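Here it is in structure tokens:
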């Protein structure tokens, strides 16, 4: 992990606190323990089979499938998972992940605000009937929005699915260097594809696939793609808002 101005942090694909239970191995990357205030980021790998059920009594959680196939069971309802699927888990909902494929199912999640009462549920998942609530979307079905000439994003989980506090999005950055800017929200980024550099007032840090980036509220920064291929990233921020909202200070880096 490299710490930059104002608590901005760039994590490698190996950083984070490991947890293992059954077919589920998780790596908690962004949390209060690592310097964040409200937002978290966890990278979970599921081997074939079903995971134990989990609940966040007070916090919203958003999930994104980075690779693999499976199912997400939420309060008895079943949602199919494939690469690019995003899931909203409301506070108090019990959920479990089932890997139905032959390889590893990787899920990147953000919980906000961090819930100290999050726990494993020592009961089997119940079944439910009727129409399942709209809690899942796929990035291919979301509108592409241009933030700048070189950057586009798609909302994944936002207020239209009932998520009140977190905004989750996928973003694409072509070779370019963004203007220096800051946000009025706390943000966690996971790099899905590509390589780049984060710049702040007092330094820079490189990142690649599997890296994570934490931006505290108000920290001046820019992200550069110095290569020839597009960077694809997953972002989540608190409080909810627009990924295209950025403020440029009068003095650059």
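Numbering (this note's numbering), first residue to last: 29 to 281. We put the beta carbon where it would ideally sit given N, CA and C, even for glycine. Since the structure is predicted, the reported quantities are computational estimates derived from the model, not experimental observations.
Can you check which of these residues, the options, is closest to residue i by C-alpha distance?
i, options, result
"residue 170", "256, 180 and 220", "180"
"residue 152", "262, 79 and 71", "79"
"residue 111", "164, 145 and 267", "164"
"residue 168", "184, 31, 83 and 29", "184"
"residue 120", "131, 89 and 106", "89"
"residue 95", "101, 84 and 113", "113"
"residue 246", "209, 178, 238 and 233", "209"
"residue 263", "222, 117, 29 and 242", "242"
"residue 200", "126, 271 and 71", "271"
"residue 85", "37, 97, 123 and 175", "123"
"residue 207", "176, 240, 265 and 172", "176"
"residue 182", "173, 189, 188 and 190", "173"
"residue 75", "240, 125 and 107", "125"
"residue 147", "155, 133, 99 and 82", "82"
"residue 104", "253, 161 and 248", "161"
"residue 34", "127, 63, 50 and 144", "63"
Using a 10 Å radius around the Cβ and a threshold of 16 neighbouring Cβ atoms, would you call residue i buried or exposed?
i, result
"residue 228", "buried"
"residue 235", "buried"
"residue 55", "buried"
"residue 257", "exposed"
"residue 46", "exposed"
"residue 91", "buried"
"residue 266", "buried"
Give me the Cβ distance between residue i and residue j, rounded to the nearest whole Å; I'm assuming they're in contact under 8 angstroms.
i, j, result
"residue 196", "residue 138", "7 angstroms"
"residue 217", "residue 259", "About 10 angstroms; that fails the 8 angstroms criterion."
"residue 32", "residue 225", "That belief does not hold up - the Cβ atoms of residue 32 and residue 225 are roughly 11 angstroms apart, past 8 angstroms."
Identify whether residue i lies in helix, strand or coil by the three-state DSSP scheme.
i, result
"residue 245", "coil"
"residue 285", "Coverage of the chain is limited to positions 29 through 281, which leaves residue 285 absent and any answer about it impossible."
"residue 279", "Note on residue 279: pLDDT 45, under 50, position unreliable in the model; no value is reported."
"residue 192", "coil"
"residue 70", "strand"
"residue 35", "helix"
"residue 167", "helix"
- Query: Is there contact between the stretch 199–215 and the stretch 62–69, where contact requires at least three CB pairs shorter than 8 angstroms?
  - Reply: Touching, yes.
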